[in-house]
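Student:
Protein chains: 2
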Amino acid sequence: MAKPFHDGLEPNPANYSALTPVSFLKRSAHIFRDRTAVVDDDMTLSYSEFYARCRALASALESAGVAAGDTVSVLCHNTHELLECHYAVPMLGAVLNAMNTRLDAATLRFILQHGGARVLIYDTQFEDLIREVLAPLGDPPRLVAVARQGGASQGLARLDYEQLLASGDREYPWAKVADEWHPIALNYTSGTTGNPKGVVYHHRGAYLAAMSNAMAMGMSPQSVYLWTLPMFHCNGWSYSWGVTAAGGTHVCLSKVQPDAVLRRIRRHGVTHMCGAPIVLNMLLNDFHERGERLDAPVQFALGGAAPPSAVIQRGQELGFDIVHLYGLTESYGPSIVCVMQDDWQNLAVDDLARKVARQGVGLYAIDDVAIAGARKGEHAPADGRTMGELLLRGNTLMKGYLGNPAATREAFEDGWYHTGDLAVMHPDGYVELKDRAKDIIISGGENISSQEIEEVLYRHPLVLEAAVVAMPDEKWGETPCAFITLRHGRDPVGETEIIAYCKAHLASYKAPRKVVFCELPKTSTGKIRKNVLRERLNGA
Amino acid sequence: MAKPFHDGLEPNPANYSALTPVSFLKRSAHIFRDRTAVVDDDMTLSYSEFYARCRALASALESAGVAAGDTVSVLCHNTHELLECHYAVPMLGAVLNAMNTRLDAATLRFILQHGGARVLIYDTQFEDLIREVLAPLGDPPRLVAVARQGGASQGLARLDYEQLLASGDREYPWAKVADEWHPIALNYTSGTTGNPKGVVYHHRGAYLAAMSNAMAMGMSPQSVYLWTLPMFHCNGWSYSWGVTAAGGTHVCLSKVQPDAVLRRIRRHGVTHMCGAPIVLNMLLNDFHERGERLDAPVQFALGGAAPPSAVIQRGQELGFDIVHLYGLTESYGPSIVCVMQDDWQNLAVDDLARKVARQGVGLYAIDDVAIAGARKGEHAPADGRTMGELLLRGNTLMKGYLGNPAATREAFEDGWYHTGDLAVMHPDGYVELKDRAKDIIISGGENISSQEIEEVLYRHPLVLEAAVVAMPDEKWGETPCAFITLRHGRDPVGETEIIAYCKAHLASYKAPRKVVFCELPKTSTGKIRKNVLRERLNGA
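Next up, the structure:
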């Protein structure tokens, strides 16, 4: 290209700096000094106080030996302390590892060692667990105890969070990282098999994911976000940074209980919340039974499974505006969202549910969403039928897996991120998930989506939970087997009735050949462990 | 820093791509296929049609010899053709130079030559002007005629815009630029003295400015933007890309006339518009006189001067929600915005006007806003009094001036962009402009802001326009001299009355010593040419 547009026009400190979500806090603290940034139980932090605390924490962590590239692990519920870590740790160029509070000692130990944690900040209510985690470790991380309900540390941690923070400089002159590709967070996947993988985020991606969410979800300084989604899931789907970008208010929540949620919605004027179907269902059932209705609409961004029409309808009745989205740890949370079209407003609820059941279209920072075709390098047509692996490309996909170049290469093969989910592309450009690649059932050469069968099962009024997996079959290769938990206090239903119900709503070959009534095994994040069910069928 | 966070975690095509505003069009065309992207008189373009036309134009321009780094100049009003160029030209990695339609032949010629235009797309209503511009040129750019009211080209251009576009590939496989620092646009400043300078934008900055505006102005797919601001001003303050990012509708407007504006507001449900005070005043006066009131609130983003309380009040009465902002060609348009605080809602209109008169706080992509202090490298305190040059730093400042490394270095001295405007920082962190650095009057060692005097003059009911400049004075060095245009059809007012009025509202030493009643000389963009007034006083 012509030279003149480059000569003497190189980046300089005035016109180029790294994109980092820490800048959102600086900006909001400048503009919204006295506005409420964080509510945590009865405590509130203004934006200037929140920023001063984050700077003090960064300064204190630096004094405690944390440097750029070091990992700081945190085991806390959705509290202001964990939120503060989302800014203080990146201010140092260090890497935040927010750990899943539902994990067992062995997995936590694996993560601390694999992630190379230099400091571990933990809520003292987990002190016994942490003691167990650390017992066999020769070189444990430095411990910082957060004393809330659990009280002060009983001899385990030498540092107390509030004391440490108080020792720091509230005007600590943090600097942006020099390179926006610098790591900012380390989030472990909750794999259903094997060791969790450490997903590395960078500052640029976190900035773009936060802006992208704030735009897509219509956030503004008037937004009030309730933390029903664990902050350890993809840094709260990047809302930890996005809410601050908008200048909105974070309302913390340690435990998702319907009355605690409702109280906070009313008291703080909540406008936005996120969560898995299990959270939404719990709230809808509880509010409905108690005859409660929200005074003003609350947006509920739902990830993990499509909302059935009954849920959409009940949501509308109670005042929830449900937005269906899709994402993975590898994509900073939300990467696909079911954008509502104008003409959907007039649809009957069942038709609307069919539209909204689709995961949707890429968020701002996603360049391309495609379905892998039959041949390598090709993409499936947008016919709503041809199934293939869902592929993503864009600026909000992870740097890769920590210390696992083989898995990183595999995930990014051919210049696309491979989600491992099977989906179709509809003619209107919306994708719809059909199954996890490894959960598909191949029966007599036909692909059967376990999810499609599960959707039918969930529509049965007596079914509380259902999972369908492949069962080895001499004749067909595989056939579907359903594992079902029934609702309590209802009349029981038998295998024959369930199979007949499926045949009435599905192509006959897709109906389960066998039904097992039982509790379903789950991961710490509530995912059904289909591998365990498969092993059971295989007699492992 | 520790190695593990970088090993094998380099950017790859799946997780890294250039930020470019062209991606907004691709995304909106995918999601909002049948939604209206552009309205231009009686023509409407859906998002898929708009995208297809932009791709076809890119493809046709490529066939016509345009390559990455080439300049494409355009001389059109706010039409769909100019909007299309905002996407088609960057698709090729070429550089869009949207020219000011009010410039004279000599200045246009200077710009075409200085910018190295390879192609010139022009509306045939400017054909005579273009003929004059090109006459002395040995190697003129390739001409493409846009035939609207002016009809087909009369023998000047060999290419017709619509024919050229029709020859292109509507599915042209454009690719993102490889480097987001790549130039995207070239905008010439309307300097009051000397030759205009060519301000170079890059793709990253254009992307961030567009997102930033869309967020700050609360744009959504429901937004309808009326083009009252010339698209040749900083690419329409980056709204050319921001409206598309939001998936909103562009309503074109070739000439700002109150009845045309009102008709479009009503017909298309306009929600957002921008402009200079002269545009806002014209609309407010006209609507008020005709007793018109807007059916739904319209946001008017006002740049160029603070809205006086009378304007804010009339705006409120008529349905305009006025947002005061500040920007320069060098900052992609808006870089500072007067964010409304909750407690301002309850202020009396005069108090509100004083708050809103401040330019405000940095937009998202601006890292720092500061006031230069007395000593080099220091910043003035936030006391609302200490005046200094307004400095900016962030990702939405130009690459620099084309072919002018000395001016670029000077503008970016010490790692800040020097705006040349004098301002104060208020204790709440909002900046307020006091004057252009070169317009300050130094009288007996005291700094007098010409703008402060002008504000008082503008409050006088008989003053239509006013400009104050320094007049040489033997005793004081300089004293203020006011140039005033009075309102038509009102009783005249004399010099003595004006000076007395100023003394009643200002410190006595700030009142003008002399008042001249006349028409004020202006630039093509409507800026008062104070240098001409100064020359007049100096007898030049």
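So the protein sequences, as listed, match chains B and F.
With the numbering used here as the guide, the letters of the first sequence map in order to residues 32 to 571.
With the numbering used here as the guide, the letters of the second sequence map in order to residues 32 to 571.
Ideal Cβ positions, reconstructed from N, Cα and C, are used throughout, including at glycine.
1) Judging by CA-CA distance, which residue of F:Glu163, F:Tyr153, F:Leu76, F:Gly100 is the nearest neighbour of Ala178 (chain F)?
2) Hey, Thr220 (chain F) and Thr360 (chain F): beta-carbon distance below 8 Å or not?
3) Measuring alpha carbon to alpha carbon, tell me which of F:Asp398, F:Arg416, F:Tyr540 ends up nearest Gly425 (chain F).
4) For Asp73 (chain F), count neighbouring Cβ atoms within 10 angstroms of its own Cβ and tell me buried if that reaches 16, exposed if not.
5) Alpha carbon to alpha carbon, what distance is there between Val387 (chain F) and Gly279 (chain B)?
6) Which bits of chain B does Thr439 (chain F) rub up against, with CB to CB less than 8 Å?
7) At a CB distance below 7 Å, what residues from the stretch 427-451 of chain B approach chain F? Give them in sequence order.
8) Output, in sequence order along the chain, the residues in the stretch 380-409 of chain B whose CB is closer than 8 Å to any CB in chain F.
9) Consider the Cβ of His61 (chain F): report whether some Cβ of chain B lies at a distance smaller than 8 Å.
10) Taking only the alpha-carbon atoms, compute the straight-line gap between Phe548 (chain B) and Thr516 (chain B) and give it to the nearest angstrom.
11) At what residues does the alpha helix (DSSP H) containing Val164 (chain B) begin and finish?
12) Just to confirm my understanding: we take Gln180 (chain B), look at its own chain, exclude 5 residues before and 5 after, and list those with CB closer than 6 Å. What are they?
13) Considering just the uninterrupted stretch of the alpha helix (DSSP H) at Lys386 (chain F), what are its terminal residues?
14) Mind checking whether Tyr461 (chain F) and Gly525 (chain F) have CB atoms under 8 Å apart?
15) Just checking my contact of Val354 (chain F) with Ala336 (chain F) at CB under 8 Å: how many whole Å lie between their CB atoms?
16) Assuming the contact rule is C-beta atoms closer than 8 Å, Gly236 (chain B) and Tyr363 (chain B) should be a hit. Round their C-beta distance to whole Å, please.
17) For the stretch 80-95 of chain B against the stretch 233-250 of chain B, are there 3 or more C-beta pairs whose distance is under 8 Å?
18) For Gln8 (chain B), which option in B:Phe318, B:Lys57, B:Phe351, B:Val487 has the closest C-alpha, if you only look at C-alpha atoms?
19) Can you say whether His281 (chain B) is buried or exposed, counting buried as having 16 or more other CB atoms within 10 angstroms of its CB?
20) Under 8 Å between C-beta atoms, does Tyr118 (chain F) make it to chain B?
21) From Pro44 (chain B) to Asn218 (chain F), what does the alpha carbon distance come to, in whole angstroms?
22) Work out the CA separation of Ala240 (chain F) and Ser104 (chain F) for me, nearest whole Å.
23) Take the Cβ of Ile62 (chain F) as the centre, count every other Cβ of all protein chains shown within 10 Å, and call the residue buried at 16 or more, exposed below.
24) Any idea what DSSP makes of Ala125 (chain B), helix, strand or coil?
25) So, does the CB of Ala45 (chain F) fall closer than 8 Å to a CB anywhere in chain B?
26) Identify the residues that DSSP records as bridge partners of Met304 (chain B): which are they?
27) Using CA coordinates, which residue listed in B:Gly182, B:Leu260, B:Ser340, B:Arg58 is at the minimum distance from Asn109 (chain B)?
28) Is Ser48 (chain F) close to chain B? Criterion is C-beta to C-beta, closer than 8 Å.
29) Would you say Ser271 (chain F) and His117 (chain F) are within 8 Å of each other, going by their C-beta atoms?
30) Any idea if Pro227 (chain F) is buried or exposed, counting beta-carbon neighbours within 10 angstroms, 16 or more meaning buried?
31) With respect to the alpha helix (DSSP H) encompassing Pro436 (chain F), which residues constitute its N-terminal and C-terminal limits?
32) For Ala245 (chain F), go through chain B and note every residue whose CB falls closer than 7 Å to its CB, in chain order.
33) Tell me whether the stretch 74-93 of chain B and the stretch 52-62 of chain B touch, counting them as touching only if at least three CB pairs, one residue from each stretch, are closer than 8 Å.
34) Kindly indicate the opening and closing residues of the alpha helix (DSSP H) around Thr138 (chain F).
35) Going by Cα to Cα distance, which pick from F:Arg84, F:Glu211, F:Gly147, F:Leu168 is closest to Glu202 (chain F)?
36) Could you tell me whether the stretch 368-384 of chain B touches the stretch 428-446 of chain B, using the rule of 3 or more Cβ pairs below 8 Å?
Tutor: For this structure:
1) F:Tyr153
2) yes
3) F:Asp398
4) exposed
5) 22 Å
6) Gly39, Leu40
7) Leu428, Met429, Lys430, Gly431, Leu433, Gly434, Pro436, Thr439, Phe443, Gly446, Trp447, Tyr448
8) Val392, Gly393, Tyr395, Asp398
9) yes
10) 6 Å
11) 158-165
12) Gln156
13) 380-387
14) no
15) The pair is not a contact, with the Cβ atoms about 14 Å apart (cut-off 8 Å).
16) 6 Å
17) no
18) One cannot answer for residue 8 (chain B) here, as it falls past the ends of chain B, which runs 32 to 571.
19) buried
20) no
21) 22 Å
22) 22 Å
23) buried
24) coil
25) yes
26) B:Leu257, B:Phe331
27) B:Leu260
28) yes
29) yes
30) buried
31) 436-442
32) Met246
33) yes
34) 136-146
35) F:Arg84
36) no
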